[in-house]
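A.B. asks: Numbering (the working numbering), first residue to last: 393 to 501.
Think of the CB as a built atom: it goes at the ideal place given N, C-alpha and C, for glycine as much as any other residue.
Every value quoted in this text rests on a predicted model; they were computed, and no experiment measured them.
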Amino acid sequence: VLRGQVLKTTTTHEDGLTLGVTLALPGSKTRFEGADEVLQSWSFGYDGKAYHSRQAEFTTIAFQPKTLKKDDRVGLLCTAAGKGHIFVNGDIVASDIPRLPVQSPLYPF
Numbered sequence: 393v394l395r396g397q398v399l400k401t402t403t404t405h406e407d408g409l410t411l412g413v414t415l416a417l418p419g420s421k422t423r424f425e426g427a428d429e430v431l432q433s434w435s436f437g438y439d440g441k442a443y444h445s446r447q448a449e450f451t452t453i454a455f456q457p458k459t460l461k462k463d464d465r466v467g468l469l470c471t472a473a474g475k476g477h478i479f480v481n482g483d484i485v486a487s488d489i490p491r492l493p494v495q496s497p498l499y500p501f
């Protein structure tokens with residue numbers, strides 16, 4: 393489970409908030425310009441897209457992070473069955489997330 397709260401919103405970026413998980417624990421000094429640069433990862437948000445680094449392609453999902461407001465609570469749940477669900481303020485807003493790995497630990501970002 394990955395959870396957070398929106399502290400501030402902006403209209404200066406094309407993409408919205410992105411949540412993700414990776415098989416590889418990034419080093420503390422590792423910096424990425426975008427979530428799609430994280431190796432061995434699955435990320436969700438952008439402008440209503442999901443990204444799988446092994447397939448190197450975006451797919452459309454129901455989660456639209458541009459609609460988030462200050463103080464919204466956002467979460468990503470990865471189940472033991474490999475399904476992913478995104479929650480906003482306790483409500484499921486997307487369950488159309490591509491299959492997630494279940495044999496290895498996942499690290500949130």
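#1: Which residue wins for smallest C-alpha separation from Thr471, given the options Gly482, Phe455 and Gln495?
#2: Compute the Euclidean distance between the alpha carbons of His444 and Ser435, then round it to the nearest angstrom.
#3: Whose CA, out of Pro500, Asp463 and Ile489, lies closest to the CA of Gly482?
#4: Contact check, Thr410 vs Ser433 under 8 Å by CB: the rounded distance?
#5: Kindly identify the DSSP beta-bridge partner or partners of Val413.
#6: DSSP puts Lys441 in a beta bridge; with which residues?
C.D. replies: Reading it off the structure:
#1: Comparing Cα positions, the closest option is Gln495.
#2: Between His444 and Ser435, the alpha-carbon positions lie close to 7 Å from each other.
#3: Gly482 has its Cα closest to that of Asp463, out of Pro500, Asp463 and Ile489.
#4: No, Thr410 and Ser433 are not in contact; Cβ-Cβ is about 10 Å, not under 8 Å.
#5: Note: Val413 sits in a beta bridge opposite Trp434 and Pro500.
#6: Gly437 and Thr452, per the DSSP bridge assignment.
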